[in-house]
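Terminal number for the sequence shown in my numbering: 384, no gaps in between.
Even for Gly, the Cβ is constructed at its ideal location relative to N, Cα and C.
Take a look at the structure below.
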Amino acid sequence: MSDGIFIIKDDNNLIEMRSTAFESEDLLQELLATHPSLIAGDAVDPINPRRWLLIAREQAVPGEEGGSGRWSLDHLFVDQDGVPTLVEVKRANDLRGRREVVAQMLDYAANGVVYWPMEAIRQQFERTCALTARDADQALREHLGRPDADFDEFWRGVDVNLRAGRIRMVFVADVIYPELKRIVEFLNAQMSPAEVIALEIKHYTGQGLRTLVPRLIGRTAEAERRKGSSGATSVTKPQLSIEEWFTWLNAERGAKEAAIARSVYNWWIAQGCEITVTKSQKPALIVKLTHGKGHCWPAVIKSNGRVSTALCYVLTTRPFDSIEARREIVSELERTFGQRYNERAVDGEPYVPFALLQEPAALEKLFAIWQSFVNRIRVGS
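Structure below.
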């Protein structure tokens with residue numbers, strides 16, 4: 004039986020690709036770090052496919068309280084439900100790929116759930132983003148798929164999952180041998196709420212091309228029956244209605260600030276926008292603007308006494324997919340309200356506090372900036 008795959012190009016030429024070993028274990032590790040979707044999230048959970056956020060490669064694992072790191076885990080990811088996912092990589096020609104790697108992983112898991120400080124994990128994620136010149140907040144928003152994501156709530160969920168032992172252990176290799184498969188199936192059936200799986204990533208090369216084919220191994224129907232859903236259970240605050248939110252804001256911030264928020268709300272409604280209350284621990288009002296080519300979220304009215312121009316949610320909306328156009332908005336807000344924003348504001352949420360909007364003339368100045376903002380989005384230039 005041929006161990007190869009065949010690709011037919013648009014010009015009807017056939018490319019034969021043969022199964023080959025990875026040149027190095029480091030290459031496989033790097034591929035997983037840069038392309039986390041190789042971890043077959045739709046196979047891990049077909050109903051609610053998993054998405055992976057890389058915390059770090061070579062994540063230190065302490066062996067005692069306050070320890071700097073006794074071991075080094077190949078990769079630490081979290082999924083969209085904040086479930087820590089430990090990944091250990093071995094090539095088929097590494098003889099440890101059968102039993103020793105299991106002992107290693109259990110060491111990492113047993114100590115990580117006890118000794119990993121959540122704040123250190125969050126800081127490590129931010130350092131990982133900085134190494135690739137990515138904005139950590141934006142990366143997390145994209146991972147969660149929610150423009151109203153509450154970051155603190157997400158990291159608290161990661162901490163809860165970790166302390167409860169609600170983790171996922173993933174063994175990755177180009178060949179998963181039967182001995183490792185049986186061990187993984189046994190552990191996955193016995194361990195709860197932890198999950199143990201193996202991922203075989205076959206590697207094919209030919210004519211300068213490289214193809215990777217992931218295959219999940221170790222899940223059994225009995226294990227799935229015992230465990231139920233693979234995702235973490237998260238507790239979210241009941242969603243408020245708009246009027247409930249204003250009542251809550253009045254109690255939290257006072258009638259004056261609630262009135263300013265109401266004026267801002269009314270202005271966006273007059274623009275034909277939809278406004279919803281977020282489900283975060285500190286709920287906000289988020290504005291949805293529908294335009295000719297889709298929709299975006301141009302503003303957020305926050306419960307901490309601020310209203311923000313949400314440039315981070317128009318990054319793919321013309322003309323504000325241009326950093327120069329976003330800088331114009333930031334500069335205008337600075338000139339008008341005397342605010343000083345850092346460089347990240349062009350990809351973030353430059354805000355104006357309610358305290359600067361108490362006079363009707365100040366509100367009108369903000370609305371004038373937003374009117375230009377909205378008009379440019381609607382015409383796309």
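Query                                                                                                                          : Result
Contacts around F80, its chain only, beta-carbon distance under 7 Å, and the 5 residues preceding and following it disregarded : P39, W55, L56, L57, I58, T88, V90
Distance between E362 and A63 (C-alpha atoms, nearest Å)                                                                       : 53 Å
Touch test, the segment 198-211 against the segment 31-47, Cβ-Cβ under 8 Å, three pairs minimum                                : yes
Of the listed residues R125, A313, K259, I289, nearest to E156 (C-alpha basis)                                                 : R125
Buried versus exposed call for K12 [16 or more other C-beta atoms within 10 Å across all chains shown]                         : exposed
Y344 in three-state terms, based on DSSP                                                                                       : coil
Option in I332, Q210, A371, V173 with minimal Cα separation from V349                                                          : I332
Buried/exposed call for D84, threshold 16 Cβ in 10 Å                                                                           : buried
Sheet register partners of W55 (DSSP bridge)                                                                                   : D82
Residue ranges of each alpha helix (DSSP H) within the segment 14-39, 4 or longer                                              : 28-37
Pick from M172, E247, L360 that is closest to R309, judged by C-alpha positions                                                : L360
Exposure label - G115; buried when at least 16 CB within 10 Å                                                                  : buried
Beta-carbon proximity list for I8, same chain, < 6 Å, skipping 5 on both sides                                                 : M20, Y207
Within 8 Å, strictly: CB atoms of I170 and A197                                                                                : yes
Inter-residue spacing [alpha-carbon to alpha-carbon] between A136 and V175                                                     : 27 Å
Terminal residues of the beta strand (DSSP E) in which S311 lies                                                               : 309-312
Which listed residue (L288, R213, W271, I263) has its alpha carbon closest to that of W248                                     : L288
Whole-angstrom distance between P150 and V303, CA atom to CA atom                                                              : 10 Å
Bridge partner(s) assigned by DSSP for I124                                                                                    : Per DSSP, none; premise fails for I124.
CA-to-CA distance, R329 to F376, given in whole angstroms                                                                      : 10 Å
Environment of D29 [buried if 16+ CB atoms lie within 10 Å]                                                                    : exposed
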